[in-house]
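Residues in the sequence shown are numbered from 271 upward in steps of one, following this note's numbering. Heads up, the beta-carbon is just placed ideally off N, CA and C, and yes, glycines get one too.
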Amino acid sequence: MRIIMLGAPGAGKGTQAKKIAERYNIPHISTGDIFRANIKNETELGKKAKSYMDQGMLVPDELTVSLVMDRFREPDAKNGYVLDGFPRTIPQAESLDTALRESGGQIDYAINVDVPDASIITRMSGRRACVNCGATYHLQYAAPKKEGVCDHCGDTLILRDDDKPETVEKRLSVYHDQTQPLIDYYAQKGVLKEVDGTQDLEDVFRQITAILGE
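Here's what the structure looks like:
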């Protein structure tokens, strides 16, 4: 079962990807983790990726796909995987499809966790993080016992720059320009499945398991 998770930043696709991985005993694969592991282990692909990153450049699609395909060949991915954060653009999706075809595989499901922009802005602007221990809270869903104070260490909670409404709006704009077309791409391939991401986390997961099967 080869699955791609789609959805805007803050839609909760990463959380659902982890739950899918646990339920179906397949690895949750994110490109960030792949880059970090290859750079840490000083693999040939990792060294190439680092050379681009050190210059502040984006890692080329071909190299990213090579790193992803290399990860797919590991034993834990023999029964499939759930891919989170890649592909982000149509050229990446096309490169991935080509590489999968050459190895005799294809994507089985592209699951889009659909959440309106307004809901995402509300969700993300409600997040708070501890400046000391890194614990995270949400003013609506998981509020600290005392406003502005971490339950764990008593230090100050802040709204991170990434979660400020104006920053979230910019991220959503980039997402709609670059990544939204993937929804049409996978719909045309007949593998797109939509779930309502505005519901409770467990209800969203129930929608997903209804698609994937128990």
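Subject >> Proximal residues to Gln448 (C-beta, below 8 Å), its chain only, five neighbours per side dropped >> reply: Around Gln448: Arg358, Thr359.
Original post:
Should Tyr411 be labelled buried (16 or more other beta-carbon atoms within 10 Å of its own) or exposed?
Top reply: Exposed.
Original post:
What are the boundary residues of the beta strand (DSSP E) that includes His408?
Top reply: Its beta strand (DSSP E) spans residues 406 to 408.
**OP:** Could you have a look at Tyr351 and say whether DSSP puts it in helix, strand or coil?
**Re:** Three-state result, Tyr351: strand.
Original post:
Once you ignore the five residues that flank Leu471 on each side, which residues in its own chain have a CB closer than 6 Å to its CB?
Top reply: Cβ neighbours of Leu471 beyond the five flanking positions: none.
Subject >> Tyr456: first and last residue of the uninterrupted alpha helix (DSSP H) it sits in >> reply: For Tyr456, the uninterrupted alpha helix (DSSP H) segment begins and ends at 451 to 458.
**OP:** Can you tell me which of the three DSSP states Glu464 falls into?
**Re:** Strand, per DSSP.
**OP:** Go to Ala412, then tell me how far its beta strand (DSSP E) extends in each direction, as first and last residue.
**Re:** Here Ala412 belongs to no beta strand (DSSP E), and DSSP marks it neither H nor E.
Subject >> Short Cβ contact (9 Å threshold) for Leu315 with Tyr456 >> reply: No.
**OP:** Can you check the segment 333 to 406 for any alpha helix (DSSP H) of at least 4 residues that lies completely inside it and give the ranges in chain order?
**Re:** If only complete runs of 4 or more residues are kept, the segment 333 to 406 shows the alpha helix (DSSP H) at 360 to 372, 387 to 395, in order along the chain.
Original post:
Does the pairing of the segment 294 to 304 with the segment 359 to 370 give three or more beta-carbon distances under 8 Å?
Top reply: Taking one beta carbon from each stretch, the segment 294 to 304 and the segment 359 to 370 have fewer than 3 pairs nearer than 8 Å; the two do not touch.
Original post:
Would you report the Cα separation of Glu312 and Lys348, rounded to the nearest angstrom?
Top reply: Taking the straight line from one Cα to the other gives about 24 Å.
Original post:
If we count the other Cβ atoms within 10 Å of its Cβ and call it buried at 16 or more, is Ala363 buried or exposed?
Top reply: Buried, by the Cβ-count rule.
**OP:** Would you mind sorting Gln325 into buried or exposed? The rule is 16 or more other CB atoms within 10 Å of its CB.
**Re:** Looking at its Cβ environment, which holds fewer than 16 other Cβ atoms inside 10 Å, Gln325 is exposed.
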